[in-house]
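Mapped onto our numbering, the consecutive letters of the sequence shown carry residue numbers 6 to 411.
Below you'll find the structure, written out as structure tokens, and then a few comments.
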Amino acid sequence: MSFVFTASDWQKNIQQQVSQMAAAFYARKRLYSTLIVLSTAVLLLFLFWPRPVVLNLPGLVQAQEVSNASKLGGRVRKIWVQEGDSVEAGQILIEFEDDALAAQVIEAEATLEQAKARYTLLKRGAQPEDLSQARSQVQQASEKLQLLKGGSTIDTLKQAQASVQEAGAQNQLAQDALQKGESLLASGVISSQKLDSLRAQAQGTRSALDAAQARLNQLKKGTSSEEIAIARAQVNSAQAAYKKLAKGSQAEDLIMAQADVDKAQSALQAVRDQLDELSVQAPIDGVVTVLNAKPGELVPPGRPVVTIIDTKRLWSDVYVPESSLGGLKPKMPVEASASVYPKARFNGKIAFISPKSEFVPSGSGRASFSEESNFRVKVLLAAMDTKAKVRLRPGMKLDVKVVLEP
């Protein structure tokens, strides 16, 4: 078989090849144009796309520092800490001598117990022994009045002496019973009501002894019209007390008795508060930086004796120009670094933005802007770095980085 190519066939073949080459050329041209346009667009986006603004603000590490003193002062008895010691809030740091106030506390406690006992007696009502004591007081007052009216004789003096001896014996028995009852109350053998009864009985026998002794003294001394008038008033008072006791306590009596208890309680608390002021306690957790006292020293009231710094809750005040203030918000995270620890980073957050512009203090670590107003921003800082290897200390210089979104 043989192939024969004519001139027309050859021309057609050449035209097809030229057309294919032209189509390929124009395709490549369009591709290159597209690539150029895309590259230009990416470059423009890169150049003009908004970027975050980073503020680098110098500052100083700060911490709360508290100086503590005693309102009362006094002579230092003991110092429990030294400078550099870590302490907890409420821990006793220094104690002053408290002998005089301790005695006042004991006296106030006794007054309170008496007021409570009287209130308890009034609340539960008169007991047979209470009525018996009241009748005895009326009888003793009446006998005293009769003796004063009739004058003293040898027999009356002997009777008075015998009464003193008998009253003394009765009082001794009552005091012994009360002392024994107080020891038994602690072990739960007797009730508090029984102890109140023993205490009232002891007070009654003591009153009877005092009355008997007073009567004897009066008989020895003789009687005057004023003394008779006083004795008559005592009889009336004893009779009124007996009638009132027999009738029972009234609501107003309980109110007055409760008021006496409250008053005694307040007096005791006031003395205890003063006693608390004789020890200086740590107001916060922290480290003792200043100790301005020594054992035996007489410290005046109100003089600071201990200074404590909180090394855990740290912050820094940085100053932001007004042009960058709009991007700041409370609780916004920040990152801080200290020149002494070049590789360490400390987390933090914005706690406070001042509502008014302020002058930049000379010790803030930066110079004041000449054209713009500056606003103080408080930044809370973590004491330890992100890797828990180093710790910030108050007074260190910082660089605080804040990233503002575009």
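Backbone N, C-alpha and C fix where the C-beta goes; we use that ideal spot for every residue, glycine too.
Keep in mind it's a predicted model, so treat the numbers as computed, not measured.
Within 10 Å of its beta-carbon, does residue 148 have 16 or more other beta-carbons around it, so buried, or fewer, so exposed? Position 143 of the sequence shown holds residue 148. Buried, since its Cβ has 16 or more Cβ neighbours within 10 Å.
Between the C-alpha atoms of residue 169 and residue 110, what's the straight-line distance to the nearest angstrom? On the sequence shown, residue 169 is found 164 positions in, with the first residue counted as 1. On the sequence shown, residue 110 is found 105 positions in, with the first residue counted as 1. Cα-Cα distance, rounded: 35 Å.
Residue 449 versus residue 117: straight-line alpha-carbon distance, rounded: As shown, the chain starts at 6 and ends at 411. That puts residue 449 outside it, with no answer to give.
Does the distance from the C-beta atom of residue 296 to that of residue 88 stay below 7 Å? Against the sequence shown, residue 296 aligns to sequence position 291. Against the sequence shown, residue 88 aligns to sequence position 83. Their beta carbons are under 7 Å apart, which means residue 296 touches residue 88 by this criterion.
Excluding five sequence neighbours on each side, which residues of the same chain lie with their C-beta closer than 7 Å to the C-beta of residue 291? Walking along the sequence shown from the start, residue 291 turns up at place 286. Non-local C-beta neighbours of residue 291 in its own chain, meaning closer than 7 Å and more than five positions away in sequence, comprise 92, 313, 314, 315, 316, ordered along the chain.
In its own chain, which residues sit with a C-beta less than 6 Å from the C-beta of residue 357, not counting the 5 before and 5 after it? In the sequence shown, the residue the question calls residue 357 occupies position 352. The beta carbon of residue 357 lies closer than 6 Å to those of 383 in the same chain, with the five residues before and after it left out.
CB-CB length for residue 122 against residue 201, believed under 8 Å: The residue given as residue 122 occupies position 117 in the sequence shown. The residue given as residue 201 occupies position 196 in the sequence shown. Indeed they touch by this definition, with Cβ atoms about 5 Å apart.
In three-state terms, what does DSSP make of residue 395? Here residue 395 corresponds to residue number 390 of the sequence shown, with the count starting at 1. In this structure, residue 395 counts as coil in the three-state DSSP scheme.
Buried or exposed (CB count within 10 angstroms, at least 16 for buried), residue 80: Taking the sequence shown and counting its residues from 1, the one referred to as residue 80 is at position 75. Burial call: exposed.
Taking contact to mean at least 3 C-beta pairs separated by less than 8 Å, is the segment 323–341 in contact with the segment 302–311? Contact fails: fewer than three Cβ-Cβ distances are below 8 Å.
Express the C-alpha separation of residue 388 and residue 396 in angstroms, rounding to a whole number. Your numbering for residue 396 matches position 391 in the sequence shown. Your numbering for residue 388 matches position 383 in the sequence shown. Rounded to whole angstroms, residue 396 to residue 388 spans 5 Å at the Cα level.
Secondary structure of residue 206, DSSP reduced to three states: On the sequence shown, position 201 is the one that residue 206 refers to. Here residue 206 carries a helix assignment [DSSP, helix/strand/coil].
Look at the alpha carbon of residue 402 and the alpha carbon of residue 308, and state the distance between them as a whole number of angstroms. As a first step, residue 402 is located in the sequence shown; it is residue number 397 there, counting from the start. As a first step, residue 308 is located in the sequence shown; it is residue number 303 there, counting from the start. Residue 402 and residue 308: Cα-Cα distance of roughly 32 Å.
Helix, strand or coil at residue 196 [DSSP, three-state]: On the sequence shown, position 191 is the one that residue 196 refers to. Looking at residue 196 - three-state DSSP - the assignment turns out to be coil, as it is neither helix nor strand.
Checking the sheet assignment: what are the DSSP bridge partners for residue 258? Against the sequence shown, residue 258 aligns to sequence position 253. According to DSSP, residue 258 shares a beta bridge with no other residue.
Got a sec? Which residues, its chain only, sit under 7 Å from residue 166 by beta carbon, not counting five neighbours each side? On the sequence shown, position 161 is the one that residue 166 refers to. Cβ neighbours of residue 166 beyond the five flanking positions: 221.
Contacts around residue 59, its chain only, beta-carbon distance under 8 Å, and the 5 residues preceding and following it disregarded: Looking up residue 59 in the sequence shown gives position 54. Cβ contact annotation for residue 59 (same chain, cutoff 8 Å, sequence separation greater than five): 406, 407, 408, 409, in chain order.
Mind reading off the beta-carbon distance from residue 78 to residue 287? Whole number of angstroms is fine, and I expect it under 8 Å. As a first step, residue 78 is located in the sequence shown; it is residue number 73 there, counting from the start. As a first step, residue 287 is located in the sequence shown; it is residue number 282 there, counting from the start. The distance from the Cβ of residue 78 to that of residue 287 is about 18 Å, inconsistent with a contact at the 8 Å cut-off.
Let me check understanding here. Comparing Cα to Cα, which of 323, 348, 103, 172 lies closest to residue 362? Along the sequence shown, one-based indexing puts residue 362 at 357. Of 323, 348, 103, 172, the smallest CA-CA separation from residue 362 is found for 323.
Within the continuous beta strand (DSSP E) that includes residue 288, where are the two ends? The count along the sequence shown starts at 1 and reaches residue 288 at position 283. Careful: residue 288 lies outside any beta strand (DSSP E) and carries neither H nor E.
Sub-7 Å separation of residue 84 and residue 99 beta-carbons: Translated into positions along the sequence shown, residue 84 becomes position 79. Translated into positions along the sequence shown, residue 99 becomes position 94. Their beta carbons are under 7 Å apart, which means residue 84 touches residue 99 by this criterion.
Between residue 372 and the rest of its own chain, which residues show a CB-CB distance below 7 Å, the 5 nearest in sequence each way excluded? Residue mapping note: residue 372 aligns to position 367 of the sequence shown, counting from 1. Low confidence applies here, because residue 372 scores a pLDDT of 49, under 50, leaving its location unreliable and the question unanswered by this model.
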